[in-house]
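Step one of this worksheet: look at the structure below.
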Amino acid sequence: METLLYNDLEMRCTQSQFSQEVKELVEATEQEFIQHCSALLEEYKPLFSKKNQRISIDVVKTKTDLFQPGYTSYVSINIEPHNEKYNINIALPIWRCERKLLGILVELNIPGSRTTGTLITLKNAQAMFREFIEDNLIKD
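If you want it as structure tokens, here you go:
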């Protein structure tokens with residue numbers, strides 16, 4: 052079996068590397084993100100309420116089978132500023148499974164296409180979450 056390309060920030064693997072071990076790692080990482088997002092929401096929701104703003108932080112999954120091309124799990128942060136016309140949104144991926152042919156995303160299993168998965172670690176995303184949230188909290 053080929054070794055997974057893994058470092059502190061992300062893991063990449065090919066379809067031949069998809070296994071129960073990888074599935075459990077992805078599910079555990081998604082669970083870590085869910086817990087971290089709950090903690091962030093608990094910390095920042097009162098601050099946003101004081102400024103007449105709303106914040107929501109959710110983990111979203113686009114499909115049920117995480118090895119199916121097109122499956123993406125991501126953290127969605129939505130901020131509704133007070134007296135503003137538009138909401139501020141960001142979506143940060145956790146796990147993405149995609150099929151490509153010559154670097155172009157494809158839906159069908161075309162001969163020569165490759166299916167890969169990319170997992171972002173919580174360590175990589177934590178600073179981005181705080182920076183985005185704090186940058187969009189109205190200051191006094």
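Each position in the sequence shown, counted from 1, maps to that position plus 51 in my numbering.
Every residue gets a Cβ at the ideal spot worked out from N, C-alpha and C, and that includes glycine.
What do you get for residue i, buried or exposed, if any count of 16 or more other CB atoms within 10 angstroms of its CB means buried?
i	result
S70	exposed
Q177	exposed
V126	buried
L117	buried
I'd like the list of long-range same chain contacts for residue i, defined as Cβ closer than 6 Å, with 5 residues on each side in sequence excluded.
i	result
L92	I108
R147	T123 and T169
Q119	none
I141	I128 and F183
M52	Only weak support is given to the placement of M52: the predicted model assigns it a pLDDT of 35, under 50, and the value that follows is read from those uncertain coordinates. The answer is none, since no qualifying residue turns up.
On the DSSP letters alone, give me the boundaries of the beta strand (DSSP E) that residue i sits inside.
i	result
E61	E61 to T65
I171	R165 to I171
V157	Per DSSP, V157 belongs to no beta strand (DSSP E) and is neither H nor E.
K112	R105 to K112
I130	T123 to E131
Assuming residue i is part of the alpha helix (DSSP H), what are its boundary residues?
i	result
Y95	Q71 to K101
Among the residues of its own chain, which have a CB less than 7 Å from the CB of residue i, if the five just before and after it don't count?
i	result
Y95	I106 and I184
L152	I161, G163 and S164
L143	Y125, V126, A176 and M179
N138	N129, I130 and E131
V77	L117, W146 and L170
E61	T169, L170, I171, T172 and N175
Apart from the five residues on each side of it in sequence, which residues of its chain come closer than 8 Å, Cβ to Cβ, to residue i?
i	result
L156	E149 and R150
Q104	I130, E131, P132, H133, L188 and I189
Contact check, residue i vs residue j under 8 Å by CB: the rounded distance?
i	j	result
V110	C88	6 Å
G121	T113	7 Å
Quick check: the region 74–84 against the region 163–175, are there 3 or more CB pairs under 8 Å?
yes
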